[in-house]
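Heads up, the thing below is written out as structure tokens.
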Amino acid sequence: MQIKNKQDIGLILDNFSNFAEWDAAGKKLYFVFADKKRGGQWTLMCYEDERFSVHGVGREYEDADELFFDERNQLLSFLWDNRAALKTAVESSQVVSA
Numbered sequence: 002m003q004i005k006n007k008q009d010i011g012l013i014l015d016n017f018s019n020f021a022e023w024d025a026a027g028k029k030l031y032f033v034f035a036d037k038k039r040g041g042q043w044t045l046m047c048y049e050d051e052r053f054s055v056h057g058v059g060r061e062y063e064d065a066d067e068l069f070f071d072e073r074n075q076l077l078s079f080l081w082d083n084r085a086a087l088k089t090a091v092e093s094s095q096v097v098s099a
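End of the sequence shown = 99 in the working numbering, gap-free, step of one.
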């Protein structure tokens, strides 16, 4: 899998349910990948109404709240900035599910 542009990230989002886990209590899909800038992990979540949010946590930090993306472009930009970690995690989840 390659991520050469934001359209590639859009394809990942369009197929989010194929590799994300279901949280029945929170009624959302979630996917965890590395937060390389802060040395922790991001959890990307998609709710039933198809709104996406992200939350970060690491050894020395934890975001106070989820950050909800108001526009798809914001989400695409965030994931573009973290594309290497996203790619690695998606590839790993596809190997496990195959």
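For every residue, glycine included, the Cβ atom is placed at its ideal position computed from N, Cα and C.
Residue i versus residue j: straight-line alpha-carbon distance, rounded
{"i": "LYS5", "j": "ALA65", "result": "32 angstroms"}
{"i": "ASP9", "j": "ASP15", "result": "10 angstroms"}
{"i": "ASP110", "j": "GLU51", "result": "In the structure as shown, the chain starts at 2 and stops at 99, and residue 110 therefore has no counterpart that could be examined."}
{"i": "GLY41", "j": "ALA25", "result": "24 angstroms"}
{"i": "SER54", "j": "PHE79", "result": "11 angstroms"}
{"i": "PHE17", "j": "VAL58", "result": "21 angstroms"}
{"i": "LEU12", "j": "ASN19", "result": "11 angstroms"}
{"i": "GLU49", "j": "HIS56", "result": "17 angstroms"}
{"i": "SER94", "j": "LYS7", "result": "20 angstroms"}
{"i": "GLU67", "j": "ALA90", "result": "20 angstroms"}
Residue burial classification, residue i (beta-carbon count within 10 angstroms, cutoff 16)
{"i": "TRP23", "result": "exposed"}
{"i": "LYS29", "result": "buried"}
{"i": "LEU77", "result": "buried"}
{"i": "GLU92", "result": "exposed"}
{"i": "GLN3", "result": "exposed"}
For residue i, the first and last residue of its enclosing beta strand (DSSP E)
{"i": "ASP9", "result": "ASP9 -> not in any beta strand (DSSP E); alpha helix (DSSP H) instead, spanning 7-15."}
{"i": "PHE100", "result": "In this structure the chain extends from 2 to 99, so residue 100 is not present and cannot be described."}
{"i": "LYS37", "result": "No beta strand (DSSP E) holds LYS37; DSSP gives it neither H nor E."}
{"i": "PHE53", "result": "53-59"}
{"i": "GLU49", "result": "Note, GLU49: premise wrong, no beta strand (DSSP E); not H, not E."}
Sub-8 angstroms separation of residue i and residue j beta-carbons
{"i": "TYR31", "j": "LEU45", "result": "yes"}
Determine, using beta-carbon pairs with one atom in the stretch 70-87 and one in the stretch 25-43, whether at least three such pairs fall under 8 angstroms. These segments touch.
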